[in-house]
Amino acid sequence: MPGVDVKLVLRSTRVVTPEGIRAAAVFVAGGEIEGVLPYDAVVPAGARVVDVGGDVVMPGLVDTHVHVNDPGRAEWEGFWTATRAAAAGGVTTLLDMPLNSLPPTTTVGNLRVKQDVARSKAHVDVGFWGGALPGNVKDLRPLYEAGVFGFKCFLSPSGVEEFPELDQEQLARSMAEIAGFGGLLIVHAEDPEHLAGAPQRSGGKYADFLASRPRDAENAAIAHLIAQARRLGARVHVLHLSSADALPLIAEAKREGVGVSVESCPHFLTLTAEEVPDGATEFKCCPPIREAVNQDALWAGLADGTIDCVVSDHSPCTTDLKTGDFASAWGGISSLQLGLPAMWTEARRRGHSLEDVVRWMSAGPAALAGLSRKGAIEAGRDADFVVLAPEESFTVDPAGLQHRNQVTAYAGKTLHGVVRSTWLRGTRIVADGVLAEPTGRLLERNH
Ligand SMILES: [Zn+2]
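Mind the numbering: the sequence shown is residues 841 to 1287 in our numbering, read in order.
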């Protein structure tokens, strides 16, 4: 009998479904969405009803670009703090990047070490990307079979010595191997020769740092990447796109049928080079936050669908590594807990809806990673939700963040969108900022 196992009915006058935003009752059974019914549907006997009124119910966010750094650099971030920050920010699934932890996720043995560390600490669901290094082509297929979602590589120095970049020949070798088993290669695309040719000045001036990571470095690397993907019939994904100049190239490749997708990040879409104070290295990341005019072009790329998803690239470090010198400070922006309100604040200002935000931050990343149980409120998916008060605002107080290090480029900003509660497989894991004990699972590809 339908509905007999329903344990929870979550009701709202604004549920974000694939068919639009509408009043609905979401029936949950066994941690899964059983159906999305009319708001006043008859509640099955024994089911608990939670009516959130006019607060919006959206699918939990899927953040496919998070550096958890645990084990090895857990003082930068760790699975306990990162997944608490995720939950508090409405992110119910995160995929961990293969570098900045020790060991990096470049062999099956290393993956197991990371999974063992994460298992008891995960407040949200956690999966792993593998890493493609110059010397580990033979490890790629076993890693894929062990459940990683794809492979990350760099084309320029990564910032940590245990994760070297690939040259063009090594890139082709890894790409061919990964394409051979139908995997996905995700790429930090900045061209090393263009970086080497750019003026390098140390000090606190943001303009100097920006000049050291020119748009051309991204544009050239992306052009090479697309050419290789076309030649090898491979699937590639451009990480953290900052240079909007590369959008026409990517759009053209997509039209041609090249297997390329692209993400951008909240900081490129909500912060501008013009507003970065000198010495404020909490704004440093690579590629860098660029000018307002570039940001407008990135939003156009989101609006026309060239950019597939928006993910955090949460890459924290300890406070002492964020010195006043842009050249030597650690490059990375912490935003796991703030991505949703940061993006929603700018999206609403530019006339976009919460459906767009869901497409960019939940459905899009879920599709990228092949997470078919995540990313939408519809029957058969996991009952992962964010309940959001989109008209309410708050001012970012770093002391209120769950990140291990509370350095943030968003300090003092007033943002729209207050997360009232977060739900993972039908269980409320955050209620008004209070977190439950960890119930996240470790995800493997195709599970
Ligand atoms: Zn990253």
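The C-beta atom is built at its ideal place from N, Cα and C for all residues, glycine as well.
Label residue i either buried or exposed according to how many other C-beta atoms from any shown protein chain fall within 10 Å of its C-beta, with 16 as the threshold for buried.
i       : result
Thr921  : buried
Asn940  : buried
Ala1067 : exposed
Tyr879  : exposed
Gln1242 : buried
Gln1008 : exposed
Ser1155 : buried
Val889  : exposed
Pro1088 : exposed
Asp936  : buried
Gly967  : buried
Val1027 : buried
Asp1272 : exposed
Arg1190 : exposed
Val1257 : Sequence check: residue 1257 is Gly here, not Val. It counts as buried.
Which residues in the same chain as residue i place their Cβ atom closer than 7 Å to its Cβ, once the five residues preceding and following it in sequence are excluded?
i       : result
Ala1216 : Pro858, Pro899, Ala1203
Gly999  : Gly1171
Ala927  : His963, Val964, Thr1262, Ile1269, Val1270, Leu1275
Arg1013 : Val977
Phe1021 : Arg981, Tyr984
Gly875  : Phe867, Ala1219
Ala1061 : Leu995, Ala1029, Glu1030, Asp1031
Val846  : Phe867, Val868, Ala869, Glu874, Pro884, Ala887
Ala1084 : Asn1134, Ala1137, Leu1138, Gly1141
Leu1161 : Ala1169, Trp1170
Thr1288 : The chain is shown from 841 up to 1287; residue 1288 falls before or after that span and cannot be answered.
Start and end of the alpha helix (DSSP H) containing residue i?
i       : result
Thr853  : That residue, Thr853, is in no alpha helix (DSSP H); its beta strand (DSSP E) goes 848 to 857.
Asp956  : 948 to 958
Lys978  : 977 to 985
Trp1184 : 1179 to 1189
Glu1017 : 1008 to 1020
Pro1032 : 1032 to 1037
Gly1141 : 1132 to 1143
Leu1208 : 1204 to 1209
Could you round the C-beta distance between residue i and residue j to whole angstroms and report it? I think they count as a contact, below 8 Å.
i       : j       : result
Asp895  : Val1197 : No, Asp895 and Val1197 are not in contact; Cβ-Cβ is about 15 Å, not under 8 Å.
Lys978  : Pro938  : Wrong, their Cβ atoms sit about 16 Å apart, outside the cutoff.
Ile1173 : Asp1153 : 7 Å
Ile873  : Ala1223 : 5 Å
Gly1099 : Ala1069 : 6 Å
Gly918  : Thr945  : Incorrect: roughly 15 Å between the Cβ atoms, too far for contact.
Trp1229 : Leu1111 : The sequence as given places Ala at residue 1229; Trp does not occur at that position. About 23 Å; that fails the 8 Å criterion.
Tyr1046 : Val1116 : 4 Å
Val1150 : Trp1200 : 4 Å
Ser1101 : Leu1006 : Contact flag wrong, Cβ pair sits at about 19 Å.
Ala864  : Leu877  : 7 Å
Leu1081 : Glu1103 : 7 Å
What does a CB cutoff of less than 6 Å around residue i pick up in its chain, not counting 5 residues either side in sequence?
i       : result
Gly912  : Ser941, Leu942
Asp1048 : Arg1041
Gly1119 : Gly1044, Gly1164
Gln1246 : Pro1238
Leu1025 : Phe991, Met1015, Ile1018, Val1076
Gly930  : Leu901, Leu1180, Val1226, Val1259, Thr1262
Val1236 : Tyr1250, Ala1251, Lys1253
Val892  : Ser852, Val1227
His1034 : Asp1056, Ala1057, Ala1060
Glu1232 : Val1258
Which same chain residues end up closer than 8 Å to residue i when comparing Cβ atoms and leaving out the 5 residues on each side of it in sequence?
i       : result
Ser960  : Pro1278
His1287 : Residue placement at His1287 cannot be trusted, given a pLDDT of 49 that sits under 50; what the coordinates show is reported in the next sentence. Gly987, listed in sequence order.
Thr1267 : Gly871, Ala1276, Thr1279
Met841  : With a pLDDT of 48 at Met841, under the threshold of 50, the modelled position of this residue cannot be trusted; read the value that follows with caution. None.
Gly1073 : Ala1019, Gly1099
Between which two residues does the beta strand (DSSP E) harbouring residue i extend?
i       : result
Val1078 : 1075 to 1078
Pro1230 : 1225 to 1235
Arg1268 : 1267 to 1271
Glu874  : 872 to 877
Thr945  : First-last for Thr945: undefined, no H or E at that position.
Asp965  : 965 to 968
Thr1159 : Run containing Thr1159: none; DSSP gives neither H nor E here.
Lys992  : 991 to 994
Glu1058 : Per DSSP, Glu1058 belongs to no beta strand (DSSP E); it is in the alpha helix (DSSP H), 1055 to 1072.
Quick one: is the Cβ of residue i within less than 7 Å of any heavy atom of ligand 2?
i       : result
Phe1234 : Absent from the structure shown: ligand 2. Ligands present: ligand 1.
If you measure from each CB to the nearest heavy atom of ligand 1 and keep those under 6 Å, what residues do you get, in chain order? His905, His907, Met937, Asp1153, Ser1155
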